[in-house]
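Colleague: Here the protein sequences come in this chain order: H and Y.
According to the numbering used here, the first sequence is numbered sequentially starting from 2.
According to the numbering used here, the second sequence is numbered sequentially starting from 524.
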Amino acid sequence: MKAPSFRTVFITILLVTLSLFCFDGCQSAYKPFAATVLTADRAFDGWADYVVWQRKQPGYDAAALADKETKVRVVYSQWQSANEAVYKAQQEYAVGTAAGKTNYQNALSAAAAASGNLIDLILSLVPPDRAAKLKGTP
Amino acid sequence: MNPILAFILSEAIKNAPVLAIDLAYIFSKTEATQADWDTLRAKWSVPYEDRIKAAEARAGTAGIP
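(1) Can you tell me the Cα-Cα spacing of residue 574(Y) and residue 112(H), whole angstroms?
(2) According to a CB-to-CB cut-off of less than 8 Å, which residues of the region 557 to 581 of chain Y neighbour chain H?
(3) Examine chain Y for any beta-carbon lying closer than 8 Å to the beta-carbon of residue 77(H), and answer yes or no.
(4) Under 9 Å Cβ-Cβ, which residues of chain Y neighbour residue 62(H)?
(5) Checking 8 Å against the spacing of the C-beta atoms, do residue 76(H) and residue 122(H) come in under that value?
(6) Taking CB distances under 8 Å as the criterion, tell me whether residue 84(H) reaches chain Y.
(7) If you draw a straight line from the alpha carbon of residue 36(H) to that of residue 568(Y), how long is it in whole angstroms?
(8) For a cutoff of 8 Å on Cβ pairs, would you count residue 31(H) as touching chain Y?
(9) Since residue 49(H) contacts residue 578(Y) with CB under 8 Å, what's their CB separation in whole angstroms?
(10) According to DSSP, is residue 62(H) helix, strand or coil?
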């Protein structure tokens, strides 16, 4: 039987997020948000380990790796900004501002997309054997 | 064993349990506190270069070639 793709797993996480929204409202959004943050965080650990390992290989292509790092650095920064927006929106929602819930939901959606972008980019840049290893991480 | 394969296996063994423990902790809590949010925030706030340095430290302690 073919193993589910990482995209399938990620979409499942998003569906769980939406389900929790439907049943419990925004207060329960922390868990699925934290799960997506940690999943992207672990994928980034895999990327960082790959960069360090690659730099130690004799005769590695420094320019190619630098180009990949530039791409990941940009998307990583976007991921950080999206998560920070969730953090701030959550605090505004907690004190009950008028637009708090809408802003919070929008920020959560953007952060989920940013996590997906970071994971997809990392999986596209590492060699297939290492990508398979990252996909195998729950 | 091929050293690259050994490295990949060691990473898989190292990362999967840590993430599983993190997720189990999160989903065992009934409601997130401000401290939980701050702990999570600390994870995504680390600059790119510092994450690479941390990976260098991990590779150094693990003796990975």
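C-beta atoms are modelled at their ideal positions from N, C-alpha and C, and glycine is treated no differently.
Modeller: The answer reads as follows:
(1) Residue 574(Y) sits at position 51 when you count from the first residue of the second sequence. Residue 112(H) sits at position 111 when you count from the first residue of the first sequence. Using only the alpha carbons, I get a separation of about 20 Å.
(2) 559, 560, 563, 564, 566, 567, 568, 571, 574, 575, 577, 578, 579 and 581
(3) For this step, residue 77(H) is matched to residue 76 along the first sequence. True, the Cβ-Cβ gap to chain Y drops below 8 Å.
(4) Within the first sequence, the letter at position 61 stands for residue 62(H). Those within 9 Å of residue 62(H) in chain Y number zero; the least Cβ separation is about 16 Å.
(5) Taking the first residue of the first sequence as 1, we reach residue 76(H) at position 75. Taking the first residue of the first sequence as 1, we reach residue 122(H) at position 121. Contact flag set, yes.
(6) Working through the first sequence from its first residue, we reach residue 84(H) at position 83. With 8 Å as the cut-off, residue 84(H) counts as an interface residue toward chain Y.
(7) Looking up residue 36(H) in the first sequence gives position 35. Looking up residue 568(Y) in the second sequence gives position 45. If you take the alpha carbons of residue 36(H) and residue 568(Y), they lie about 16 Å apart.
(8) Against the first sequence, residue 31(H) aligns to sequence position 30. True, the Cβ-Cβ gap to chain Y drops below 8 Å.
(9) Along the first sequence, one-based indexing puts residue 49(H) at 48. Along the second sequence, one-based indexing puts residue 578(Y) at 55. With a Cβ gap of about 4 Å, residue 49(H) and residue 578(Y) count as contacting.
(10) Your numbering for residue 62(H) matches position 61 in the first sequence. The answer is coil: DSSP assigns residue 62(H) none of H, G, I, E or B.
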